[in-house]
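Report on one structure; see the data block that follows.
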Amino acid sequence: MRRFKDILFVADESPGQAQAFARALRLAEENQSGITVMDVVDDLSDMPQYYSAADQEKLIEQRRKSLSQFIGKAAGATQGVSIGIEVREGRPFIEVIRTVLKNNHDLVIKAPNSGMGRIQRLFGSMDIRLMRKCPCPVWIVKPSDHKHFARILAAVDPDPNNPYADSLNRLILELATSLAELENSKLDVVHAWEVYGEVALRGGQLPKGAVARIQEEMREAHEKEMKELLAPFSSIDKTVHLANGDAGDEIIDLAIKNNVDLVVMGTVGRSGIPGLIIGNTAEKVIHGIDCSLLAVKPAGFVTPVDK
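Written out as structure tokens, the structure is:
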């Protein structure tokens with residue numbers, strides 16, 4: 088099991104937070120790690136004409152008391168897990184990231200604050216902002232009727248010439264395989280590929296069968312890259328999917344078809360540039376799946392949020 092040393096659980100009163108916290112506690116027990124339970128309250132100093140500093144302190148103390156009661160109900164049977172409480176004031180996603188930076192948390196766990204609007208989605212704006220900008224992995228745990236994940240899907244994109252992509256893929260596989268072992272889950276690994284400009288090629292002047300030969304050569308190349316990537320994980324029982332098509336569509340389709348409970352994937356583009364915005368594939372998957380998601384950043388990612 089990959090060892091997390093310090094987990095940050097965000098208790099923002101989202102539906103399903105009790106189930107998410109139970110999973111965080113189980114993970115902390117397995118890793119012998121600590122947990123900090125945090126929430127963010129409104130910064131009343133922005134309205135000094137209505138609220139005093141004493142009102143702010145009272146609000147913080149009330150939330151600390153509420154979190155203490157929440158922890159007491161959920162963690163009664165837990166042995167050996169150190170649990171702390173932190174309440175901040177300000178914008179929630181920014182304060183969560185600042186807490187990660189301040190205390191070197193290596194995993195954020197929370198329940199989804201379901202997005203509202205014309206189209207209701209599983210993940211809300213805070214979830215997506217954390218997946219975009221938080222420097223450590225972010226695990227959004229969807230409420231479920233069962234305690235264990237039956238199926239986990241790891242989405243990878245091997246690129247031997249890109250060290251950022253290579254390190255990200257290995258981290259995705261380390262997390263997915265370790266969680267599959269902990270949860271006794273069936274593990275799927277997917278990589279989707281496309282022939283660049285395939286539509287244009289088919290409508291061009293290439294000889295008959297040329298596009299098919301290009302496709303086959305590309306498939307063989309990607310198959311070789313996948314074998315090299317998965318070599319260190321050869322002892323892990325898994326099903327490998329090499330899909331020809333748009334990566335976002337293929338990941339969503341596979342997650343729905345196989346009733347996947349958790350998707351583990353990177354959420355930034357392949358270059359690993361510090362502060363890079365969320366990648367197109369991740370954006371599509373985030374808005375298209377209806378299961379838990381563990382979002383991972385590449386080595387070298389730098390959050391645009393300051394301490």
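Residues 88 to 394 (our numbering) are what the sequence shown spells out, left to right.
Quick reminder that beta carbons are idealized off the backbone N, C-alpha and C, glycines included.
This one's a predicted model, so the numbers in the text were calculated from it and none came from an experiment.
Where does Phe96 sit, in a helix, a strand or coil, going by DSSP?
-> As a first step, residue 96 must be located in the sequence shown, where it is residue number 9. In the structure shown, Phe96 sits in a strand (DSSP, three-state: E or B).
Have a look at the DSSP bridge pairing and note the partners of Gly121.
-> Position 34 of the sequence shown, counting from 1, holds the residue named residue 121. DSSP lists Asp93 as partners of Gly121.
Are the C-beta atoms of Gly121 and some chain B residue less than 8 Å apart?
-> Of the chains in the structure shown, none is chain B; there is only one protein chain.
Just how far apart, CA to CA, sit Glu310 and Arg175?
-> In the sequence shown, residue 310 corresponds to position 223, counting from 1. In the sequence shown, residue 175 corresponds to position 88, counting from 1. Roughly 48 Å between the two C-alpha positions.
Backbone secondary structure at Gly362 - three-state DSSP | Residue mapping note: residue 362 aligns to position 275 of the sequence shown, counting from 1. Bear in mind that the predicted position of Gly362 carries a pLDDT of just 46, short of 50, making it too unreliable to give a figure here.
With contact counted as at least three CB pairs below 8 Å, one residue from each stretch, are the region 316-332 and the region 222-238 in contact?
-> By the Cβ criterion, the region 316-332 is not in contact with the region 222-238, since fewer than three pairs of Cβ atoms, one from each stretch, lie closer than 8 Å.
According to the neighbour-count rule (16 or more other Cβ atoms, all chains shown, within 10 Å of its Cβ), is Ile343 buried or exposed?
-> For the purposes of this step, residue 343 is taken as the residue at position 256 of the sequence shown. Under this definition Ile343 is an exposed residue.
Tell me, please, which residues DSSP counts as bridged to Asn331.
-> Working through the sequence shown from its first residue, we reach residue 331 at position 244. Answer by DSSP bridge pairing, in chain order: Trp280.
Reduced DSSP secondary structure (H/G/I, E/B, other) of Gly204 | Indexing the sequence shown from 1 puts residue 204 at position 117. Residue confidence for Gly204 is low, a pLDDT of 48 falling below 50, so the modelled location carries little weight and cannot support an answer.
How many angstroms separate the CA atom of Ala140 from the CA atom of Asp130?
-> The sequence position of residue 140 within the sequence shown is 53, counting from 1. The sequence position of residue 130 within the sequence shown is 43, counting from 1. The alpha-carbon atoms of Ala140 and Asp130 are separated by roughly 10 Å.
For His235, I'd like the list of residues in its chain whose CB is within less than 8 Å of its CB, leaving aside the five on either flank, ordered along the chain.
-> The count along the sequence shown starts at 1 and reaches residue 235 at position 148. Glu270, Asn271 and Ser272, listed in sequence order.
Terminal residues of the beta strand (DSSP E) in which Arg175 lies = Taking the sequence shown and counting its residues from 1, the one referred to as residue 175 is at position 88. From DSSP, the beta strand (DSSP E) with Arg175 extends over Ile170 to Glu176.
When DSSP labels each residue in this structure, what does Ser132 get in the three-state scheme?
-> Here residue 132 corresponds to residue number 45 of the sequence shown, with the count starting at 1. Ser132 falls in the helix class under three-state DSSP.
Identify whether Gly353 lies in helix, strand or coil by the three-state DSSP scheme.
-> Here residue 353 refers to the residue found at position 266 when the sequence shown is read from its first residue. Gly353: strand per DSSP, three-state reduction.
Classification of Pro319 by the beta-carbon crowding that lies within 10 angstroms, buried from 16 upward | Residue 319 sits at position 232 when you count from the first residue of the sequence shown. Here Pro319 is exposed. Its C-beta has fewer than 16 other C-beta atoms within 10 Å.
Using CA coordinates, which residue listed in Met313, Phe108 and His374 is at the minimum distance from Leu154?
-> Counting from 1 along the sequence shown, the entry for residue 154 is found at position 67. Comparing Cα-Cα distances from Leu154 to each of Met313, Phe108 and His374, the minimum goes to Phe108.
In the DSSP assignment, find the alpha helix (DSSP H) that holds Leu260 and state where it starts and stops.
-> As a working note, residue 260 is residue 173 in the sequence shown. Here the alpha helix (DSSP H) through Leu260 covers Pro250 to Glu270.
Would you check if the distance between the CB atom of Ile239 and the CB atom of Val277 is smaller than 8 Å?
-> Sequence index remark: in the sequence shown, residue 239 carries index 152 (1-based). Sequence index remark: in the sequence shown, residue 277 carries index 190 (1-based). Going by C-beta atoms, Ile239 is not nearer than 8 Å to Val277.
Integer Cβ distance of Val168 from Ile122, believed to fall under 8 Å = As a first step, residue 168 is located in the sequence shown; it is residue number 81 there, counting from the start. As a first step, residue 122 is located in the sequence shown; it is residue number 35 there, counting from the start. Contact holds; Cβ gap of about 6 Å.
Taking three-plus beta-carbon pairs below 8 Å as touching, is the region 91-99 in contact with the region 185-192?
-> Yes, since at least three Cβ pairs between the region 91-99 and the region 185-192 fall closer than 8 Å, the two stretches touch.
The alpha helix (DSSP H) spanning Ile184 covers which residue range?
-> Within the sequence shown, the letter at position 97 stands for residue 184. Here the alpha helix (DSSP H) through Ile184 covers Pro179 to Asn190.
Determine, using beta carbons only, whether Tyr251 and Ala369 come nearer to each other than 8 Å.
-> Against the sequence shown, residue 251 aligns to sequence position 164. Against the sequence shown, residue 369 aligns to sequence position 282. No, they are not a contact pair.
Check whether Gly353 and Val392 have beta carbons under 8 Å apart = On the sequence shown, residue 353 is found 266 positions in, with the first residue counted as 1. On the sequence shown, residue 392 is found 305 positions in, with the first residue counted as 1. No Cβ-Cβ contact shorter than 8 Å links Gly353 with Val392.
Report all residues from its chain with a CB closer than 8 Å to the CB of Pro247; omit the five preceding and five following residues, and keep chain order.
-> Position 160 of the sequence shown, counting from 1, holds the residue named residue 247. Here the set comprises Asp253, Glu312 and Glu315.
Indicate the three-state DSSP secondary structure (helix, strand or coil) for Asp275 in the structure shown.
-> Counting from one through the sequence shown, the residue named residue 275 turns up at place 188. Under the three-state reduction of DSSP, Asp275 is assigned to strand.
Report buried or exposed for Met134, applying the criterion of at least 16 other Cβ atoms within 10 angstroms of its Cβ.
-> The count along the sequence shown starts at 1 and reaches residue 134 at position 47. Flag for Met134 reads exposed.
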